[in-house]
Amino acid sequence: VVCGHTHMQFDRKVDRVRVINAGSVGMPYGEPGAYWTMLGPGVKPQRTEYDRQAAATRIRGAGSPEAEQFATENVLQVPTVEEAMEFLRKAEARQLA
């Protein structure tokens with residue numbers, strides 16, 4: 003199973019099912035960069051660095067009301083894995099309450 007949306011790249015087995023998360027190009031956790039996965043005869047997780055300042059400038063110029071916050075919090079700064087996990091734990095607790 004190949005999935006996304008959790009923004010954390012991984013390749014693991016759950017019971018007898020292999021689950022692969024390709025990663026996140028626009029909102030990574032941990033190290034900055036565009037995370038993606040090459041699928042073929044094997045699975046090859048990748049990370050590509052890019053000019054984050056140029057990307058932030060283009061995002062800010064897009065006209066979205068959330069552009070500044072997104073550029074600052076997701077492009078120029080990247081949440082640590084620990085910060086992301088804490089955010090996800092709190093979100094899970096709210097959903098289960």
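Residue numbers (my numbering): 3 to 99. We put the beta carbon where it would ideally sit given N, CA and C, even for glycine.
According to the DSSP assignment, Thr50 belongs to the beta strand (DSSP E) that extends over Val45 to Thr50. A straight-line Cα-Cα distance of about 8 angstroms links His7 and Asn23. With a threshold of 16 other beta carbon atoms within 10 Å, Val3 falls short and is exposed.
The bridge partners DSSP lists for Phe12 are Asn23. Sequence-distant Cβ neighbours of Val77 in its own chain, meaning closer than 6 angstroms and more than five residues away, are Arg54, Ala57 and Ala58.
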